[in-house]
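Asker: For what it's worth, the UniProt record's numbering labels the leading residue of the sequence shown as 1, then goes sequentially.
Pasting a structure here, questions to come.
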Amino acid sequence: MGSRDLLLACLHHLAFLLLVASLVAEWVLLRPVPRGEALARLGRIDALYGLSAVAVLAVGALRVAYGLKGAGYYLHNPWFWTKLGLFAAIGLVSIYPTIALLRWRRVQRLSPDFAPDPQELLPVRRCVALELALLPPLFVAAALMARHGLF
């Protein structure tokens with residue numbers, strides 16, 4: 001049981017690190033107006049971001065179901081629900097940038113020199129910034145959850 005719990009914890013943390021790295025990469029690539037290969041790379045990174053989010057959720061669910069602490073520990077822990085709520089909020093905010101990137105890539109296939117208008121880029125940057133801003137509270141909630149918070 002201990003080695004399975006360790007494996008799940010490691011996979012969960014690695015998936016989350018991949019999520020953070022891909023989100024930071026998106027932020028960096030969005031700073032200048034992306035065009036050409038940078039725009040194509042943004043699409044691939046956003047797909048990696050989505051896959052890493054699915055991995056975080058899937059491995060997290062396995063930790064709840066099969067981890068050492070047991071489902072009761074998580075399901076009755078308010079910090080677990082806080083963490084899950086923050087993760088859901090980040091996921092909802094990420095929908096807008098993903099849709100914009102898919103649209104831009106579609107246009108780029110027809111017009112290889114395409115670059116999004118800076119005014120159209122601004123809300124995408126703001127969404128990614130908000131996603132990044134929600135990560136520290138999520139980390140704090142995770143630490144509190146692991147120690148059963150202040151309860």
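Don't be surprised by glycine CBs; every beta carbon is placed ideally from N, CA and C.
Being a predicted model, the structure only gives us computed values, none of them experimental.
#1: Over what stretch of residues does the alpha helix (DSSP H) that includes Ala-115 continue unbroken?
#2: Quick one: using the 10 Å Cβ neighbour count with 16 as the cut-off for buried, is Ser-94 buried or exposed?
#3: Could you round the C-beta distance between Lys-69 and Ala-142 to whole angstroms and report it? I think they count as a contact, below 8 Å.
#4: How far does the alpha helix (DSSP H) with His-12 in it reach, from first residue to last?
#5: Within the continuous alpha helix (DSSP H) that includes Lys-69, where are the two ends?
#6: Around the C-beta of Tyr-49, are 16 or more other C-beta atoms found within 10 angstroms, so that it is buried, or is it exposed?
#7: Reducing DSSP to helix, strand and coil, say where Leu-150 ends up.
#8: Span of the alpha helix (DSSP H) holding Arg-109?
#9: Would you tell me roughly how many angstroms separate the C-alpha atoms of Arg-63 and Pro-112, rounded to the nearest one?
#10: Candidates Val-54, Val-128, Leu-132 and Pro-32: which alpha carbon is nearest Arg-116's?
#11: Return the CA-CA distance between Pro-136 and Gln-108, expressed in angstroms with no decimal places.
#12: Compare the beta carbon distance of Leu-36 and Trp-79 with 7 Å and say whether it is the shorter of the two.
#13: Determine, using beta carbons only, whether Ala-38 and Leu-30 come nearer to each other than 7 Å.
Answerer: Let me lay it out:
#1: Taken as a continuous stretch (DSSP letters only), Ala-115 belongs to no alpha helix (DSSP H), as it is neither H nor E.
#2: Ser-94 should be labelled buried.
#3: Contact check for Lys-69 and Ala-142: beta-carbon distance about 13 Å, past the 8 Å limit, so the pair fails to qualify.
#4: That run of the alpha helix (DSSP H) goes 2-30.
#5: Looking at the DSSP string, Lys-69 is not in any alpha helix (DSSP H), and its letter there is neither H nor E.
#6: Under this definition Tyr-49 is a buried residue.
#7: DSSP places Leu-150 in the coil class of the three-state scheme, outside both helix and strand.
#8: Counted as a single uninterrupted DSSP element, the alpha helix (DSSP H) harbouring Arg-109 occupies residues 95-110.
#9: So the alpha carbons of these two residues sit roughly 44 Å apart.
#10: Sequence check: residue 116 is Pro here, not Arg. For Pro-116, the closest C-alpha among the options Val-54, Val-128, Leu-132 and Pro-32 is that of Pro-32.
#11: C-alpha of Pro-136 to C-alpha of Gln-108: approximately 34 Å in a straight line.
#12: Contrary to the premise, residue 36 reads as Gly rather than Leu in this sequence. No. Outside cutoff.
#13: Result no, Cβ atoms of Ala-38 and Leu-30 do not sit closer than 7 Å.
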